[in-house]
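Student: My questions will all concern the structure given below.
Residue numbers (the working numbering): 17 to 273.
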C-alpha cells in the first residue's frame with residue numbers, strides 16, 4: 017500500500033537522487049531491521065483536548081510483515097489521543113550506548129493507529145514482552161497495529177531519506193507464520209545455547225542475559241534477554257519452516273566458528 021490521501025507527495029532531496037538502487041535497497045532493509053530490533057519506541061500523538069503534541073514511551077513489537085504493534089490502556093493519555101486522531105508518529109531510536117549518538121541510526125514512522133484483535137499480533141507482542149501477560153487481559157487494554165504511510169530514516173551523518181510504506185513491509189508467508197510458534201518453542205527449549213551465541217558472538221551483546229528467540233520472519237529473527245533486544249539478518253529470504261531451519265543452522269555454525 018502506498019501513501020494515503022492527505023500526505024504530501026515525496027520531494028526527494030539531492031542525496032536521494034544520487035543514491036544508487038542497491039544502496040537504497042540496503043537502507044530499506046536497515047530501516048525494517050531497526051523497527052524489528054527495538055522493543056520500545058517514542059509515540060507522538062495529538063492531545064484531543066487542546067491540540068498540543070504529546071510524546072510518550074511505549075513497548076513495541078511487530079506483526080509478521082513488520083508493522084509495529086502496541087498494547088495500550090484506555091487510562092493512558094496516548095490511547096485517548098489516538099481514539100480521537102489516529103495519525104501519529106513512532107520514533108525507533110537505535111543510538112543507545114553510542115559515544116556519539118547522532119552518528120547512530122533512528123527512524124520515525126508516520127502511522128495510523130488501528131485497533132486490532134489478532135492472535136498473531138498478541139502472541140508476537142507477548143513473546144517480546146512476557147511481563148505484559150500479567151495485564152494483557154485487563155478490560156482497559158487493547159492492541160493497536162500501526163499502519164505506516166512513510167518513514168524518515170536517519171542512518172548517521174549525511175544518510176537521511178524518506179522511505180515509502182511499500183519499502184517498510186515484507187511478505188508474510190502463511191507457512192512461516194503458522195510455523196513460528198513451534199520454531200520459537202523448539203529454539204527456546206532445545207537450543208538456548210545457540211541463541212546465547214547469537215547474542216554474544218554475532219551481535220556482541222552481554223553474556224549475562226537470559227536470551228530467548230521472540231520472533232522469526234522472512235528476513236531474520238528477533239531475540240531478547242531481560243530488557244535488551246537484538247535482530248539477526250538471514251542471508252536469504254525464508255518462507256517456511258524448512259528454510260528457517262537452514263538459516264538457523266547456518267547462524268549457529270557461524271556463531272560457533
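Every residue gets a Cβ at the ideal spot worked out from N, C-alpha and C, and that includes glycine.
Based on the DSSP secondary-structure assignment, which residues constitute the bridge partners of residue 180?
Tutor: Per DSSP, 166.
Student: Sorted by chain position, which residues of the same chain lie with C-beta nearer than 8 Å to residue 232's C-beta, five sequence neighbours on each side aside?
Tutor: Closer than 8 Å at the Cβ level, and outside the excluded window around residue 232, lie 192, 196, 199, 200, 238, 254, 260.
Student: Determine the direct distance from the alpha carbon of residue 262 to that of residue 56, and round the result to whole angstroms.
Tutor: About 30 Å.
Student: Could you check where the alpha helix (DSSP H) with residue 90 kicks off and where it finishes?
Tutor: Taken as a continuous stretch (DSSP letters only), residue 90 belongs to no alpha helix (DSSP H), as it is neither H nor E.
Student: Got a sec? Which residues, its chain only, sit under 6 Å from residue 150 by beta carbon, not counting five neighbours each side?
Tutor: Cβ within range, chain order: n/a, list empty.
Student: What are the boundary residues of the beta strand (DSSP E) that includes residue 241?
Tutor: Taken as a continuous stretch (DSSP letters only), the beta strand (DSSP E) holding residue 241 covers 236-241.
Student: Cβ of residue 203 less than 8 Å from any chain C Cβ?
Tutor: The structure shown contains no chain C; it holds only a single protein chain.
Student: Which residue marks the beginning of the beta strand (DSSP E) containing residue 106, and which one marks its end?
Tutor: Where residue 106 is concerned, the enclosing beta strand (DSSP E) stretches over 103-109.
Student: What does the alpha-carbon distance come out to for the pair residue 21 and residue 134?
Tutor: Residue placement at residue 21 is flagged as unreliable, the pLDDT there being 32, under the threshold of 50; the coordinate-derived value follows with that caveat. About 27 Å.
Student: By the 10 Å Cβ neighbour count, where 16 or more other Cβ atoms means buried, how is residue 76 classified, buried or exposed?
Tutor: Residue 76 comes out buried.
Student: Closer than 8 Å is the cut-off here; do at least three beta carbon pairs connect the stretch 65-73 with the stretch 215-223?
Tutor: Output reads no: the stretch 215-223 does not touch the stretch 65-73.
Student: Distance, Cα to Cα, residue 266 vs residue 203?
Tutor: Straight-line Cα distance between these residues: approximately 14 Å.
Student: Can you check which of these residues, 124, 110, 246, 132, is closest to residue 211 by C-alpha distance?
Tutor: The shortest C-alpha separation from residue 211 is found at 246.
Student: Give the C-beta separation of residue 50 and residue 108 to the nearest angstrom, bearing in mind that I take them to be a contact with Cβ-Cβ under 8 Å.
Tutor: Their Cβ separation, rounded to whole angstroms, is 6 Å, which keeps residue 50 and residue 108 in contact under 8 Å.
Student: Could you have a look at residue 28 and say whether DSSP puts it in helix, strand or coil?
Tutor: The pLDDT assigned to residue 28 is 37, lower than 50, so where the model puts this residue is not dependable; a value taken from the coordinates is nonetheless given after this. Residue 28 falls in the coil class under three-state DSSP.
Student: From this set, 173, 179, 234, which residue's C-alpha is nearest residue 188's C-alpha?
Tutor: Comparing Cα positions, the closest option is 234.
Student: Spatial neighbours of residue 104 within its chain, please: CB distance less than 7 Å, with the 5 preceding and 5 following residues excluded, ordered by chain position.
Tutor: Result list for residue 104: 59, 60, 61, 98, 127, 129, in chain order.
Student: In this structure, does DSSP put residue 20 in helix, strand or coil?
Tutor: Legend: pLDDT at residue 20 = 33, less than 50; position of this residue unreliable, no value from coordinates given.
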